[in-house]
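For reference, the structure discussed in these notes is given below.
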Amino acid sequence: MNRKIEFKLNGKPAAVDTDDQRALLWVLRGDLELTGTKYGCGEGICGACTVAVDGVAVRSCQTALANVEGKSVTTIEGLERDGKLHPLQQAFIDHGAFQCGYCTSGMLMNAWAFLQKTPHASRAAIVDEMDANLCRCGAHQRIVSAIAEVAK
Amino acid sequence: MNALDRRTFVKLAGGGVIVLVAAKPSALFAQQRRGYPEDLNAYLRIDENGHVTLFSGKIEMGQGVHTSLAQMAAEELGVPLESITMCMGDTDQCPWDAGTWGSQSTRMFGPAVRAAAAEARTVMMKLASEALRVPRETLVVRNGIVSDGKKSITYGELAKGRQIARLVGEKAVLRSVKDFTVIGRPMKRVDGREKVTGRAKYAGDIRLPGMLYARLLRPPAHGATRTSLDTEKAKAMNGVTVVERDDLVAVLAPTPDGAAEALSLIKAEWTKPAAAFDHESVGDYFVKNGGAGEVKNVKGEWDPSPGASGATLSPLAGRGTGAKRQGEGLDSHESIETTFRTGYLAHAPMEPHTAAAEWKDGRMTVWASTQSPFGTRTRVAQALGLDESKVRVLTPFVGGGFGGKSPAPQAVEAARLAQIAGKPVMVAYTRGEEFFYDTFGPASVIRVVSSVDDERKIASWDYHVYGAGERSSEVLYDVPNVRLTSYVPRSSKLHPFATGPWRAPGAGMNVFARESQIDIMAAKAGVDPLEFRLRNTTDTRLRRVLQTAADALGWKRGAGPSGQGRAIAASVDAGTYCALAAEVEVDRKTGAIQVKRVVAAQDMGIVINPTGAKMQMEGCIAMGLGYVLSEELQFHGGDIADRNFDTYELPRFSAVPRIETLLIKNDELSPQGGGEPAIVPMGAVIANAVFDATGVRMTRLPMTRERVLAAMKAT
Chain A
1 MNRKIEFKLN GKPAAVDTDD QRALLWVLRG DLELTGTKYG CGEGICGACT
51 VAVDGVAVRS CQTALANVEG KSVTTIEGLE RDGKLHPLQQ AFIDHGAFQC
101 GYCTSGMLMN AWAFLQKTPH ASRAAIVDEM DANLCRCGAH QRIVSAIAEV
151 AK
Chain B
1 MNALDRRTFV KLAGGGVIVL VAAKPSALFA QQRRGYPEDL NAYLRIDENG
51 HVTLFSGKIE MGQGVHTSLA QMAAEELGVP LESITMCMGD TDQCPWDAGT
101 WGSQSTRMFG PAVRAAAAEA RTVMMKLASE ALRVPRETLV VRNGIVSDGK
151 KSITYGELAK GRQIARLVGE KAVLRSVKDF TVIGRPMKRV DGREKVTGRA
201 KYAGDIRLPG MLYARLLRPP AHGATRTSLD TEKAKAMNGV TVVERDDLVA
251 VLAPTPDGAA EALSLIKAEW TKPAAAFDHE SVGDYFVKNG GAGEVKNVKG
301 EWDPSPGASG ATLSPLAGRG TGAKRQGEGL DSHESIETTF RTGYLAHAPM
351 EPHTAAAEWK DGRMTVWAST QSPFGTRTRV AQALGLDESK VRVLTPFVGG
401 GFGGKSPAPQ AVEAARLAQI AGKPVMVAYT RGEEFFYDTF GPASVIRVVS
451 SVDDERKIAS WDYHVYGAGE RSSEVLYDVP NVRLTSYVPR SSKLHPFATG
501 PWRAPGAGMN VFARESQIDI MAAKAGVDPL EFRLRNTTDT RLRRVLQTAA
551 DALGWKRGAG PSGQGRAIAA SVDAGTYCAL AAEVEVDRKT GAIQVKRVVA
601 AQDMGIVINP TGAKMQMEGC IAMGLGYVLS EELQFHGGDI ADRNFDTYEL
651 PRFSAVPRIE TLLIKNDELS PQGGGEPAIV PMGAVIANAV FDATGVRMTR
701 LPMTRERVLA AMKAT
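Line order of the protein sequences matches chains A and B. Per our numbering, the first sequence starts with residue 1, numbered consecutively. Per our numbering, the second sequence starts with residue 1, numbered consecutively.
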């Protein structure tokens, strides 16, 4: 159904007038031109499209726009504040926790949402939490180290 | 000559100091027949702000050459890394390049970059000497500032108002290793900030005014032919254009999800050809259709008729009886025969093939995820009937390639559709299309017959390879009698779908066979597998990587199976020596292999960026877990069964072991390849460790739980 959906996007009000059953991923990347969130598999398997809705990590390719109405959506573009990187972003740079960078947005958003509820997660808990996100370049060890540093 | 010649470039580049390198094709390029032209292959510009731009036809797909090439230029120029901007993979601005693959960017292109930068430094020093009126010998450069200790001037000031173009051969006066301040230092990636903020642009992030998203009608299987087509419902959709040109049937819509919906409304019927083989029968099919075999390498005494052994031995017999055979090497010792098998592999980069194309003023511009921007330009020009000068390919960041993005058919599709529609068009493969149109790493069958003498030295080595090709097929150890037979298929259409290079093409398969067979012989001879290897090689680089990896693991001696679940394997690839030592645990109830630790020791000559090199090694090991434990394409003929990550399983965080990487100092040797070597011994080191833990020898990759369980039951 076409209608106007209002929600908070990276702390600011946003409104989109479109079919409310469209996947949040395409609305973000297309209508809102926030291309940091990536398409990876389209079936919620790889985690490249992960964003946070009310602080909880979701797969934006599996989330209908209607489901974020009135809620707060955080994407990779929302982590940096006033030109200052979020500690997780800085840790990813410091640890070299990426290669091609395509899975990085999803990794960061999944980790960000996880640390919101578990700020002092153990390394084992981080591995467990990140297990549903795929990285093909093999940056896994450094991704875990980066998150673990922030979770200390 | 290129469309972009030297004069054009200097004109386009504007003011400042420009250095171009014209290098003759290096011996290796000539040898590999890559067709590297005798042409300019590096450009570098210093502008009046002291800013340096390095132009390279290479692309950045995660391997970090963005950083390592900038580091080399910074070193020779005497400027900070941050003052260098990389312009890569733009066919209008960058020098021609064959493509980014084979761990070549640093070792092949690096010398040209260093030469250009060194020459630029010479020019700047001369200018500074004139401007400051002091002798050149008294001047030093640091952070782009030339000074004699009293007076100083910046590169920017020196470049201001100049129009200097210099052409050098590759042999410029380079700084020596002992003077390095940037090369050899661990550097954080220069593309870090863009990649952690989501600002890094990939092909799919290109937005052009009025751009439409395309979805193409695809066959259900390779080789299928269409028997009917009904596009009426799609045509009726608001805002959707349907394109029908010969084989090209596509829908164009303002959004990607709109295009997907329109495509789902197209009805088509197809007939599929019968499948010649599937993922289970591929090995038998290869051997049956592999041809007579071509003997590529012979050392020692062998039966001169190569066809004989191929015909008389049953290649799929598995581990042999050890029977002596007439004419098979030295027959005074019991021979061991093993047949190894591997399946087809998908590249599965996280970013599927994507391209955006714009047709404007008689020129086609394509932003493409490709490892080969210049090859893509040629194919787009051919498909559209345009001169290459009318096509520009730009390569934004590439989200992983591993060989799979050497071809970029999506770029041609986007260009054709943009020309037909008269509007910019994006073609972004779905994950299903990415799997379907991948150029899979080929399956292989490798049969080795070898023997050990009374001194516990390898006496003979008879190697037969189907499918994997010859990369890393050499025996590596000191063996007096060696024969390599490569089986070239009778038909060029052996595979039911496209195949192509997969990270270190074929090397992982050949080394899986070789280093497994070495362990099999060591166990049979009752010798510790490390000791057996050292006993059979005098190659100092090989001995050093083996010993270093073993020491770091805390190697405890013992002939296999020792019950420790530890193992070692080594290889030479892209000029680099690499040894992996690993520890595994095998769950005897489920057959699951958990890799606990992998230690990698690598000798890659001069190391430009130790951090980057280690990241590549770790990546090789983590990615390698996939083809070793879970990845194998499921298919029936041209019908690809795996269409997403649910059935084609990549390694996840929980599968990745503790990885330790060691770089062996070897500054006598120029930089060698680093993007592939450490993935090569992964199959063997894990299979050897499984044997050491359980006494069960796995001869087929991937070593899935089911296969491990079955092998344990059979033992």
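Every residue gets a Cβ at the ideal spot worked out from N, C-alpha and C, and that includes glycine.
Contact with chain A by residue i, beta-carbon distance below 8 Å
{"i": "residue 399 of chain B", "result": "yes"}
{"i": "residue 63 of chain B", "result": "yes"}
{"i": "residue 620 of chain B", "result": "yes"}
{"i": "residue 102 of chain B", "result": "no"}
{"i": "residue 682 of chain B", "result": "no"}
{"i": "residue 237 of chain B", "result": "no"}
{"i": "residue 204 of chain B", "result": "yes"}
{"i": "residue 529 of chain B", "result": "no"}
{"i": "residue 610 of chain B", "result": "no"}
{"i": "residue 407 of chain B", "result": "no"}
{"i": "residue 431 of chain B", "result": "yes"}
{"i": "residue 332 of chain B", "result": "Low local confidence applies: a pLDDT of 45 at residue 332 of chain B is under 50, so the model's placement there is unreliable, and no value is given."}
Residue-level contact to chain B via CB, residue i, 8 Å cutoff
{"i": "residue 74 of chain A", "result": "no"}
{"i": "residue 92 of chain A", "result": "yes"}
{"i": "residue 98 of chain A", "result": "yes"}
{"i": "residue 144 of chain A", "result": "yes"}
{"i": "residue 148 of chain A", "result": "no"}
{"i": "residue 101 of chain A", "result": "yes"}
{"i": "residue 104 of chain A", "result": "yes"}
{"i": "residue 127 of chain A", "result": "yes"}
{"i": "residue 85 of chain A", "result": "yes"}
{"i": "residue 26 of chain A", "result": "yes"}
{"i": "residue 89 of chain A", "result": "yes"}
{"i": "residue 108 of chain A", "result": "yes"}
Residues sharing a beta bridge with residue i, DSSP
{"i": "residue 376 of chain B", "result": "For residue 376 of chain B, which the question treats as bridged, DSSP gives no partner whatsoever."}
{"i": "residue 230 of chain B", "result": "B:267"}
{"i": "residue 45 of chain B", "result": "B:18 and B:53"}
{"i": "residue 359 of chain B", "result": "B:364"}
{"i": "residue 461 of chain B", "result": "B:450 and B:482"}
{"i": "residue 84 of chain B", "result": "B:52"}
{"i": "residue 105 of chain B", "result": "Bridge partners of residue 105 of chain B: none, in fact."}
{"i": "residue 370 of chain B", "result": "Bridge partners of residue 370 of chain B: none, in fact."}
Secondary structure of residue i, DSSP reduced to three states
{"i": "residue 547 of chain B", "result": "helix"}
{"i": "residue 580 of chain B", "result": "strand"}
{"i": "residue 481 of chain B", "result": "strand"}
{"i": "residue 501 of chain B", "result": "coil"}
{"i": "residue 86 of chain A", "result": "coil"}
{"i": "residue 683 of chain B", "result": "helix"}
{"i": "residue 594 of chain B", "result": "strand"}
{"i": "residue 390 of chain B", "result": "helix"}
{"i": "residue 332 of chain B", "result": "Residue confidence for residue 332 of chain B is low, a pLDDT of 45 falling below 50, so the modelled location carries little weight; the figure read from the coordinates is stated next. Looking at residue 332 of chain B - three-state DSSP - the assignment turns out to be coil, as it is neither helix nor strand."}
{"i": "residue 644 of chain B", "result": "coil"}
{"i": "residue 307 of chain B", "result": "Residue placement at residue 307 of chain B is poorly supported in this model, since its pLDDT is 43, which falls under 50; the coordinates are not used for a value here."}
{"i": "residue 407 of chain B", "result": "coil"}
{"i": "residue 539 of chain B", "result": "coil"}
{"i": "residue 162 of chain A", "result": "With chain A running from 1 to 152 in the structure shown, residue 162 of chain A is simply not present."}
{"i": "residue 316 of chain B", "result": "In this predicted model, residue 316 of chain B has a pLDDT of only 29, less than 50, meaning its place in the structure is not dependable enough to derive any value."}
{"i": "residue 602 of chain B", "result": "strand"}
{"i": "residue 120 of chain A", "result": "coil"}
{"i": "residue 278 of chain B", "result": "strand"}
{"i": "residue 9 of chain A", "result": "strand"}
{"i": "residue 285 of chain B", "result": "helix"}
Any non-hydrogen atom of the ligand NAP within 7 Å of residue i CB
{"i": "residue 7 of chain A", "result": "With respect to the ligand NAP, the structure shown offers nothing to examine, as it has no ligands at all."}
Name the residues in the segment 32–56 of chain A whose C-beta lies less than 9 Å from a C-beta of chain B; which are they?
33, 34, 35, 36, 37, 38, 39, 40, 41, 42, 43, 45, 46 and 48
Against chain A: residues of the segment 638–659 of chain B by CB proximity under 9 Å
644, 645, 646, 650, 651, 652, 653, 654, 655, 656, 657, 658 and 659
Residues of the segment 177–202 of chain B with Cβ closer than 8 Å to any Cβ of chain A, in chain order
188, 189, 191, 192, 193, 194, 195, 196, 197, 198, 199, 200, 201 and 202
Would you list, in sequence order, the uninterrupted alpha helix (DSSP H) runs of no fewer than 4 residues that lie entirely inside the segment 135–211 of chain B?
155–159 and 192–197
What residues in the segment 342–375 of chain B have a beta carbon less than 7 Å from any beta carbon of chain A?
If the cut-off is 7 Å between Cβ atoms, the segment 342–375 of chain B has 348, 349, 350 and 351 near chain A.
Every unbroken beta strand (DSSP E) within the segment 38–107 of chain A, with a cutoff of 3 residues, ordered by chain
50–53, 56–59 and 72–74
Residues of the segment 128–142 of chain A with Cβ closer than 9 Å to any Cβ of chain B, in chain order
128, 129, 130, 131, 132, 133, 134, 135, 136, 137, 138, 139, 140, 141 and 142
In chain order, which continuous runs of the beta strand (DSSP E) of length 3 or greater are located wholly inside the segment 646–714 of chain B?
658–663
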